[in-house]
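Using our numbering, read the sequence shown as starting at 15 and increasing by one per residue. For glycine and all other residues, C-beta sits at the position ideal for the given N, C-alpha and C. Computed from a predicted structure; not experimentally measured.
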Amino acid sequence: MPSATDGHDQLDAFMRATARPWSPPGAVERPRPVEIVSTLQAEPPRVKPLIKVVKREIHRAVNQAVAVLSNRDFGIFSRADELVRPVTHRTPSQTLTVAKQGENVSRPDGSVIVTALTEAALIEVLTEMALFMKFNLRVNDFVPCDCPPEVAKMVLARKGHNWTMPRLKAGISAPTLRHDGTVLSEPGYDADTGLLLVGERLWRHVPETPCKRQAMDALAVLSEPIAALPFESESDRAAALALLITSVLRPSLKTSPMFAVSAPSAGTGKSLVVDVAAVMATGRRAAVITPTPDEAELEKRIGACALAGDPILSIDNVTHILRSDQLCQMLTQDEVKVRVLGSSKNVRIPATSLICATGNNLTVYGDLNRRTIQIRLDAKCERPEERRFEFDAIDLAMRKRPELVAAALTVERAYLSAGTPNRASPMGGFEDWSDLVRSSLIWLGLADCRGDVAAQRAADPEKDELAEIIEALPNGPFTTREIALRVADSPLLREALGGFIERSGAFSSGSGSIWRDMPQRGSAVDGLSNCPVRATATALFGAWPARVTIIRRRRLAVRNRS
Numbered sequence: 015m016p017s018a019t020d021g022h023d024q025l026d027a028f029m030r031a032t033a034r035p036w037s038p039p040g041a042v043e044r045p046r047p048v049e050i051v052s053t054l055q056a057e058p059p060r061v062k063p064l065i066k067v068v069k070r071e072i073h074r075a076v077n078q079a080v081a082v083l084s085n086r087d088f089g090i091f092s093r094a095d096e097l098v099r100p101v102t103h104r105t106p107s108q109t110l111t112v113a114k115q116g117e118n119v120s121r122p123d124g125s126v127i128v129t130a131l132t133e134a135a136l137i138e139v140l141t142e143m144a145l146f147m148k149f150n151l152r153v154n155d156f157v158p159c160d161c162p163p164e165v166a167k168m169v170l171a172r173k174g175h176n177w178t179m180p181r182l183k184a185g186i187s188a189p190t191l192r193h194d195g196t197v198l199s200e201p202g203y204d205a206d207t208g209l210l211l212v213g214e215r216l217w218r219h220v221p222e223t224p225c226k227r228q229a230m231d232a233l234a235v236l237s238e239p240i241a242a243l244p245f246e247s248e249s250d251r252a253a254a255l256a257l258l259i260t261s262v263l264r265p266s267l268k269t270s271p272m273f274a275v276s277a278p279s280a281g282t283g284k285s286l287v288v289d290v291a292a293v294m295a296t297g298r299r300a301a302v303i304t305p306t307p308d309e310a311e312l313e314k315r316i317g318a319c320a321l322a323g324d325p326i327l328s329i330d331n332v333t334h335i336l337r338s339d340q341l342c343q344m345l346t347q348d349e350v351k352v353r354v355l356g357s358s359k360n361v362r363i364p365a366t367s368l369i370c371a372t373g374n375n376l377t378v379y380g381d382l383n384r385r386t387i388q389i390r391l392d393a394k395c396e397r398p399e400e401r402r403f404e405f406d407a408i409d410l411a412m413r414k415r416p417e418l419v420a421a422a423l424t425v426e427r428a429y430l431s432a433g434t435p436n437r438a439s440p441m442g443g444f445e446d447w448s449d450l451v452r453s454s455l456i457w458l459g460l461a462d463c464r465g466d467v468a469a470q471r472a473a474d475p476e477k478d479e480l481a482e483i484i485e486a487l488p489n490g491p492f493t494t495r496e497i498a499l500r501v502a503d504s505p506l507l508r509e510a511l512g513g514f515i516e517r518s519g520a521f522s523s524g525s526g527s528i529w530r531d532m533p534q535r536g537s538a539v540d541g542l543s544n545c546p547v548r549a550t551a552t553a554l555f556g557a558w559p560a561r562v563t564i565i566r567r568r569r570l571a572v573r574n575r576s
């Protein structure tokens with residue numbers, strides 16, 4: 015016979031099974047969730063690696079965390095001294111957003127960029143990837159926990175030391191050539207080059223050893239999107255084709271010059287040339303930087319694009335003389351150091367971006383002039399924006415993107431298969447680009463894409479500015495103090511040295527401004543041969559005492575006052 019205790023137990027079990035949570039009168043009862051049981055066999059859960067966090071042995075947990083992050087399937091990479099991951103850029107459509115101060119960069123939706131992992135992001139990633147356990151005194155055993163913040167801090171603090179994560183040079187969205195001439199077309203990470211090809215698009219086959227005839231056919235395909243543009247000369251057309259080819263090859267090149275697209279008036283097609291190249295490389299228009307005459311501000315904007323790994327960036331619609339020391343470094347260095355916005359931290363990253371600039375009658379200053387390939391357009395009409403074209407160049411590039419990319423690679427593989435004949439004259443700082451891209455177009459019968467180098471250098475405003483300074487300087491020996499006194503009385507000298515006049519009207523002899531605004535090397539200016547400009551600048555504004563003498567108005571000599 016059942017006891018009273020058994021009856022109470024059965025009643026308690028019945029009440030627990032049938033009891034419903036209390037709801038206020040008039041409330042609508044929510045339907046209970048229905049559990050859906052799939053008839054398909056579920057995939058077995060992934061077994062997470064176990065990481066035990068033990069006091070005085072935290073270095074073991076850090077090493078294990080680094081090993082977990084080294085799995086390529088997780089998509090975490092090391093880039094210089096940072097951990098990064100590729101993300102797809104999306105612009106919020108329902109909220110009002112304000113760009114970071116100093117960034118002023120516009121990217122199309124869907125652009126693939128890289129972002130640095132912060133401590134909080136790394137904690138989330140490691141907690142998802144691994145099973146962390148800590149010893150609990152209450153249960154006298156190890157229990158699961160989140161990734162401890164100190165583990166994430168120590169992983170980031172290593173800054174490359176003992177990191178085994180795959181090293182990322184750049185993220186790309188189109189096939190490119192490896193250094194040995196083979197085509198990188200398989201999606202995913204390529205250990206030989208450090209490039210990550212994203213996307214699952216099917217690409218056209220590129221012949222292993224194409225002949226010159228196939229290269230000519232490929233060049234005709236490559237010319238289609240820009241066929242209607244009004245190039246001033248054949249060298250400008252060759253420069254535009256060099257831009258299209260470089261957009262595909264840039265990640266595998268050590269360095270690449272800047273491409274400057276100029277025209278007498280708006281609406282000629284300057285931005286169109288850059289966007290066609292961007293479509294080939296990324297499938298989207300180029301990331302656009304708002305230009306500014308303030309060099310420090312321009313460096314912040316360029317640095318933001320470099321940190322994000324934008325494959326192509328365009329300094330669009332420049333209305334002032336373009337000058338930037340950071341641009342010069344990014345064009346000729348394998349790696350550059352940029353400052354992170356909103357902090358004092360400098361990060362060294364690979365320089366893999368293809369840099370372009372557009373503007374009406376664009377003028378490039380100083381050393382940047384030598385590092386630039388110019389593309390000049392001229393519609394020879396009053397309102398070029400009202401012209402009617404038979405096709406949309408951007409739409410054509412979008413539709414025929416696989417063919418255009420394959421055409422660019424075919425031209426270069428044919429040139430390599432032929433043994434790289436007819437190499438162009440050396441271009442300092444851009445040897446690999448000149449020996450491959452520039453020389454291949456000359457081999458196919460096109461004009462040299464560098465154009466008239468002498469005319470380009472003659473148009474450099476640096477030389478005019480320097481000649482004015484030399485002309486305004488006194489003929490005899492002088493000191494810095496004497497120059498400062500003469501500036502107040504000499505309108506010619508004051509005008510020539512206007513860049514070094516403070517707001518108060520006093521002459522600034524600070525070395526910082528002269529090193530930023532004057533050339534750093536000797537150069538010939540308007541017949542003044544062997545002009546040691548750096549020595550002159552040091553004599554005028556440097557810390558050590560010196561005298562400068564113009565000898566027969568043809569040479570500047572520097573003498574120490576000892």
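Short of 7 Å from the beta carbon of Ala428, and not among the five residues preceding or following it, lie these beta carbons of its own chain, in chain order: Pro224, Cys225, Lys226, Gln228 and Ala229. Leaving aside the five residues that flank Val82 on each side, the residues in its chain whose CB is nearer than 8 Å to its CB run, in chain order, Pro63, Ile65, Phe88, Leu140, Met143 and Ala144. Its Cα nearest to that of Thr132, the residue Met168 stands out among Met168, Phe156 and Val350.
In the three-state scheme derived from DSSP, where H, G and I count as helix and E and B as strand, Gln343 is classed as helix. Here Gly380 is actually not in contact with Ser276; their C-beta atoms are around 17 Å apart, not less than 8 Å.
Residue Gly174 holds the alpha-carbon nearest to the alpha-carbon of Asn77 among Thr129, Arg99, Gly174 and Arg104. Contact check between the region 339 to 358 and the region 379 to 398: three or more CB pairs, one atom from each, fall below 8 Å, which counts as touching. Under DSSP, Ile363 forms a beta bridge with Val350. Burial state of Asp330 is buried, judged by a 10 Å Cβ sphere holding 16 or more other Cβ atoms.
In the DSSP annotation of this structure, Val378 is not part of any beta strand (DSSP E), being labelled neither H nor E. Under the DSSP definition of a beta bridge, Val101 partners with Ile127. When C-alpha distances from Ala205 are compared across Arg192, Arg215 and Ser247, the shortest belongs to Arg192.
A buried status is given to Asp289, since no fewer than 16 other beta-carbon atoms sit within 10 Å of its beta-carbon. Glu222 has its alpha-carbon roughly 46 Å from the corresponding atom of His334. Taking the Cα positions, Ser120 is about 44 Å away from Pro505. The bridge partners DSSP lists for Ser92 are Leu97 and Arg181. Nearest neighbour of Ala130 by Cα position, chosen from Ser92, Lys414 and Lys284, turns out to be Ser92.
Separation of Ala393 and Lys359 (C-alpha to C-alpha, rounded to the nearest whole angstrom) is 46 Å.
For the pair Gly195 and Leu376, the CB atoms are not nearer than the 8 Å cut-off.
Close CB contacts of Ser328 within its chain, under the 6 Å cut and outside five residues either way in sequence, are with Val288, Ala300, Val302 and Cys370 (chain order). Only residues of its own chain outside the window of five on either side were considered, and among them Met147, Lys148 and Asn150 have a CB closer than 7 Å to the CB of Val157, listed in chain order. Comparing alpha-carbon positions, the option among Ala75, Arg464 and Lys69 lying closest to Ser270 turns out to be Arg464.
Closest by C-alpha distance to Leu336, out of Thr304, Val101, Val425 and Val98, is Thr304.
Spanning the alpha carbons of Leu255 and Leu233 requires a straight line of approximately 8 Å.
Runs of the beta strand (DSSP E) spanning 3 or more residues and lying entirely within the region 375 to 431 occur at 386 to 390, in chain order. Classified as exposed, Arg60 has fewer than 16 neighbouring CB atoms from the shown chains inside 10 Å of its CB.
Taken through DSSP and simplified to helix, strand or coil, Val275 comes out as strand.
Burial check for Glu96: the Cβ neighbour count within 10 Å reaches 16 or more, so the residue is buried. The C-beta separation of Trp217 from Ala420 comes to about 7 Å, placing the pair in contact by the 8 Å criterion. Ala371 carries a strand assignment under DSSP once its states are collapsed to helix, strand and coil. 8 Å or more divides the Cβ of Thr190 from the Cβ of Ser125. Between Ala166 and Ile137 a beta carbon distance of about 5 Å is seen, short of the 8 Å cut, so the two are scored as contacting. Sixteen is the threshold: when 16 or more other Cβ atoms of the shown chains lie within 10 Å of the Cβ of Val262, as they do, the residue is buried. DSSP places Cys159 in no alpha helix (DSSP H) but in the uninterrupted beta strand (DSSP E) bounded by Asp155 to Cys159.
For Asp204, the pairing in a beta bridge is given by DSSP as Leu209.
The beta carbon of Gly283 lies closer than 7 Å to those of Leu243 and Leu391 in the same chain, with the five residues before and after it left out.
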